[in-house]
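Taken in order, these protein sequences are the chains called A and B. In this text, residue positions in the first sequence follow the working numbering: the first is 1, and each later residue adds one. In this text, residue positions in the second sequence follow the working numbering: the first is 1, and each later residue adds one. C-beta atoms are modelled at their ideal positions from N, C-alpha and C, and glycine is treated no differently. Keep in mind that this is a model prediction, so the values were computed, not measured.
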Amino acid sequence: MLLRFLVIFLLFSTVFATPLVAAESRVTGKANLEGSQTDSFDKDFAEAFDRDFLGPNGHQEKLIPDPLEGWNRGVFWFNDKLYFYLVKPVARGYRYTVPKPARTSVKNFFSNLAAPIRVANALLQFKFKDFGNELYRFIVNSTLGIGGLFDPADSIAGIKRRDKDFGLTMGYYGIGHGFYLVLPIVGPSSLRDATGSVVDSFFDPAKYADLGTVEYLGVQTFKTINWLSLDPDTYEGVIRDALDPYLFIRAAYVQRRMAMVGRSDYTVDMLNIFDGTDFDFDIVNPLRWLGI
Amino acid sequence: MKTIIFGGMLLLLLLAPAWGMPEPQQQVEEMVNSVLSVLQKPDLTAAEKRTQVSGMVQKYLNMSSMARRTLGEYWNSASEEQRKKFTDLFVKVLEGTYLNRINDYSGGTVQYLKQRVKGDKAIIDTKFVSADLEIPVQYKMIFENGSWEVFDVVIDGVSLIRNYRSSYGEIIRKDGYDGLFALMEKKVSDMQPTEQPLAPQLNQ
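Printed below as a string of structure tokens:
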């Protein structure tokens with residue numbers, strides 16, 4: 001009798017205690033969150049609104065020096081014509097002939113091939129979590145993803161790709177763009193980012209695949225055509241809507257790169273690559289992978 | 001006992017206005033849901049969707065503030081007439097821009113991640129999720145004239161107002177206000193809906 005009472009009491013006490021514990025952890029969790037967020041909270045608001053609301057009507061916006069504007073606009077014009085009269089029609093034809101899953105796999109393959117660039121740059125920025133995630137993605141996608149054709153690291157384990165390149169690494173250490181640069185075929189870049197891509201090419205396995213120049217260019221062209229076949233006409237939209245597409249793309253490029261440098265998310269205690277909930281080692285369990 | 005109940009009811013009545021005031025995120029959700037409900041109707045033509053969405057969005061946007069801060073310091077040096085002309089054209093360009101996006105929509109939903117409010121300003125973090133892509137979309141809002149209104153949209157780190165401001169400022173520096181107005185007028189007339197979509201959207 002006493003035993004039975006004890007059992008019932010224990011059962012009830014756990015039922016009643018659970019919400020209490022949960023509530024408590026929620027409160028402390030919230031307190032922690034707020035404690036660490038106060039700084040970034042004010043900073044985020046300052047970043048978001050100061051440019052618009054300081055001074056009578058906000059600041060004048062000059063995002064990047066553009067001393068070579070004449071040359072850049074020329075290249076921009078060339079790229080534009082190349083896009084509309086050659087590259088896009090080819091990409092469109094390719095889109096009709098090759099089914100989408102195949103094109104997505106080609107895109108995944110090239111993305112996976114460039115993973116060493118992201119791994120190396122995450123390490124150079126001491127972003128160990130991104131380093132771990134990218135390394136994990138590279139290993140999982142190269143093996144379970146059949147040489148990178150599929151992206152189970154994202155589609156099953158939910159680990160997203162983190163874009164990293166040497167231009168961003170330099171930005172992370174406080175090196176500015178220098179000036180804006182439009183490169184033939186490549187498109188918007190800057191002195192810093194163009195230098196960065198040269199450095200990155202040393203981490204690119206395609207460089208060591210013993211390809212001749214023509215073959216290498218062919219591979220790059222194929223990669224671009226394939227990527228464009230999956231793009232929902234972004235460039236057309238910009239051309240259609242912007243007053244001056246050159247200025248619009250320049251501003252968008254600089255803002256996007258600024259957001260990607262993202263220095264604010266860095267803290268010194270992010271040293272553990274297995275930190276956080278991003279990792280799910282069940283991914284290496286084939287039963288789980290097949291949904292069993 | 002009666003007084004407690006009565007007191008409670010009185011308290012509820014007093015609190016009601018505070019509850020009734022729409023939170024900034026609610027405003028964004030209302031706007032997004034009303035637009036998505038039109039876009040997701042399968043039996044509407046593109047032109048019909050356009051007319052239904054047109055005017056639906058405007059009440060959630062603080063157009064006058066957007067126009068004013070897009071010009072930034074050039075707003076100060078503009079005459080009253082120029083300001084009015086700019087605001088009119090700006091509203092048309094902005095509307096044309098988002099109406100043109102209607103054809104691009106091919107499914108997807110919006111997730112609301114975080115709402116942060118500081119005084120009369122708010123930041124709403126959302127994520128647009130479709131089969132192929134995930135795009136972080138941030139709404140910057142201000143509280144003016146008794147309601148929360150969208151002031152800027154930041155898509156994947158790119159702020160629309162900052163983009164506009166840097167472009168428009170540069171055009172004014174080179175070609176003056178008249179040059180800017182001429183470009184805007186041309187853009188507005190180019191943006192009028194065409195019967196045929198620019199590119200066939202098959203098998204994307």
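For Asn121/A and Thr169/A, what's the separation of their Cα atoms in angstroms? The count along the first sequence starts at 1 and reaches residue 121/A at position 121. The count along the first sequence starts at 1 and reaches residue 169/A at position 169. Their backbone Cα atoms lie some 6 Å apart in a straight line.
Below 8 Å on the Cβ atoms is my contact criterion, and I expect Leu68/A with Leu181/A to pass it. Report the Cβ-Cβ distance as a whole number of Å. Along the first sequence, read from residue 1 onward, the residue named residue 68/A stands at position 68. Along the first sequence, read from residue 1 onward, the residue named residue 181/A stands at position 181. Rounded, the Cβ-Cβ distance is 7 Å, consistent with contact.
Check whether chain B comes within 9 Å of Arg240/A, counting only Cβ atoms and requiring the distance to be less than that. Here the question's residue 240/A lines up with position 240 in the first sequence. Judged by the 9 Å Cβ criterion, Arg240/A is in contact with chain B.
Leu133/B (DSSP reduced to helix, strand or coil): The count along the second sequence starts at 1 and reaches residue 133/B at position 133. It is coil, neither helix nor strand.
Taking CB distances under 9 Å as the criterion, tell me whether Met170/A reaches chain C. No chain C appears in the structure shown, which is made up of the protein chains A and B.
Around the C-beta of Ala252/A, are 16 or more other C-beta atoms found within 10 angstroms, so that it is buried, or is it exposed? As a working note, residue 252/A is residue 252 in the first sequence. The residue is buried, with at least 16 neighbouring Cβ atoms inside 10 Å.
On the three-state DSSP scale, how would you describe Glu149/B? The sequence position of residue 149/B within the second sequence is 149, counting from 1. It is a strand residue.
Suppose you measure from the CA of Arg69/B to the CA of Leu39/B; what does that come to, to the nearest Å? Taking the second sequence and counting its residues from 1, one reaches residue 69/B at position 69. Taking the second sequence and counting its residues from 1, one reaches residue 39/B at position 39. Distance between the alpha carbons of Arg69/B and Leu39/B is about 30 Å.
Compute the beta-carbon to beta-carbon distance between Leu191/A and Ser166/B, rounded to the nearest angstrom, for a pair I have assumed lies under 8 Å. Position 191 of the first sequence holds residue 191/A. Position 166 of the second sequence holds residue 166/B. Not confirmed; about 19 Å, so no contact.
Burial state of Trp71/A, where buried means 16 or more other Cβ atoms lie within 10 Å: Within the first sequence, numbered from 1, the residue matching residue 71/A stands at position 71. So Trp71/A counts as exposed.
Out of curiosity, what's the CA-to-CA distance linking Gly145/A and Ser229/A? Locating residue 145/A in the first sequence gives position 145, counting from the first residue. Locating residue 229/A in the first sequence gives position 229, counting from the first residue. Looking at the two C-alpha atoms, the distance is approximately 22 Å.
Nearest candidate by alpha-carbon position, reference Ile135/B, set Ile142/B, Thr51/B, Tyr60/B and Thr109/B: By 1-based counting over the second sequence, the position of residue 135/B is 135. The option with the nearest alpha carbon to Ile135/B is Thr109/B.
Count the other C-beta atoms from every protein chain shown that fall within 10 angstroms of the C-beta of Glu134/A, then say buried if there are 16 or more, exposed otherwise. Position 134 of the first sequence, counted from the start, is the residue given in the question as residue 134/A. Under this definition Glu134/A is a buried residue.
If Leu113/B sits next to Thr97/B, beta carbons under 8 Å apart, how far is it from one beta carbon to the other, in whole angstroms? The residue labelled residue 113/B in the question sits at position 113 within the second sequence. The residue labelled residue 97/B in the question sits at position 97 within the second sequence. The pair is not a contact, with the Cβ atoms about 24 Å apart (cut-off 8 Å).
Would Pro232/A pass as an interface residue toward chain B - the criterion being a Cβ-Cβ separation below 9 Å? As a first step, residue 232/A must be located in the first sequence, where it is residue number 232. Answer yes: the Cβ-Cβ gap between Pro232/A and chain B drops below 9 Å somewhere.
For Lys174/B, tell me which candidate among Thr97/A, Trp77/A and Asp244/A has the shortest Cα-Cα distance. Counted from its first residue, the second sequence places residue 174/B at position 174. The candidate whose alpha carbon is nearest that of Lys174/B is Asp244/A.
Kindly list, in the order they appear in chain B, the residues whose Cβ is closer than 9 Å to that of Arg256/A. Mapped onto the first sequence, residue 256/A falls at position 256. Those are Asp156, Gly157 and Val158, listed as they occur along chain B.
Do the CB positions of Leu63/A and Val219/A come within less than 9 Å of each other? Translated into positions along the first sequence, residue 63/A becomes position 63. Translated into positions along the first sequence, residue 219/A becomes position 219. Against a cut-off of 9 Å, the Cβ pair of Val219/A and Leu63/A comes out as no contact.
Shorter than 9 Å from the beta carbon of Thr97/B to some beta carbon of chain A? Numbered from 1 along the second sequence, position 97 holds the residue referred to as residue 97/B. Closer than 9 Å to some Cβ of chain A, the Cβ of Thr97/B qualifies, so yes.
Could one say the Cβ of Arg250/A lies closer than 9 Å to chain B's Cβ atoms, at least one of them? Within the first sequence, numbered from 1, the residue matching residue 250/A stands at position 250. Output row for Arg250/A: interface = yes.
Please confirm whether Ile117/A and Asp204/A have their CB atoms less than 9 Å apart. As a position in the first sequence, residue 117/A is number 117, starting the count at 1. As a position in the first sequence, residue 204/A is number 204, starting the count at 1. For Ile117/A and Asp204/A, yes; Cβs fall inside 9 Å.
Cβ neighbour criterion (16 or more within 10 Å) applied to Gln125/A: Taking the first residue of the first sequence as 1, we reach residue 125/A at position 125. Per the 10 Å Cβ criterion, buried.
Residues within the segment 62 to 78 of chain A neighbouring chain B, beta-carbon criterion of under 8 Å: Lys62 and Leu63
Taking the alpha-carbon positions, what's the Tyr208/A to Ala259/A distance? Taking the first sequence and counting its residues from 1, one reaches residue 208/A at position 208. Taking the first sequence and counting its residues from 1, one reaches residue 259/A at position 259. Tyr208/A and Ala259/A: Cα-Cα distance of roughly 32 Å.
Please list the terminal residues of the continuous beta strand (DSSP E) segment that includes Gln27/B. Reading the second sequence from its first residue, position 27 is the one you call residue 27/B. No beta strand (DSSP E) contains Gln27/B, which is instead part of the alpha helix (DSSP H) from Pro24 to Leu39.
Quick one, are the C-beta atoms of Leu71/B and Val188/B less than 9 Å apart? The residue labelled residue 71/B in the question sits at position 71 within the second sequence. The residue labelled residue 188/B in the question sits at position 188 within the second sequence. No, these two residues do not count as a Cβ contact at 9 Å.
Please classify Gly169/B as buried or exposed, where buried requires at least 16 other C-beta atoms within 10 Å of its C-beta. For the purposes of this step, residue 169/B is taken as the residue at position 169 of the second sequence. Classification of Gly169/B: buried, given that the 10 Å Cβ count is 16 or more.
For the segment 147 to 154 of chain B against the segment 73 to 80 of chain A, are there 3 or more C-beta pairs whose distance is under 8 Å? no
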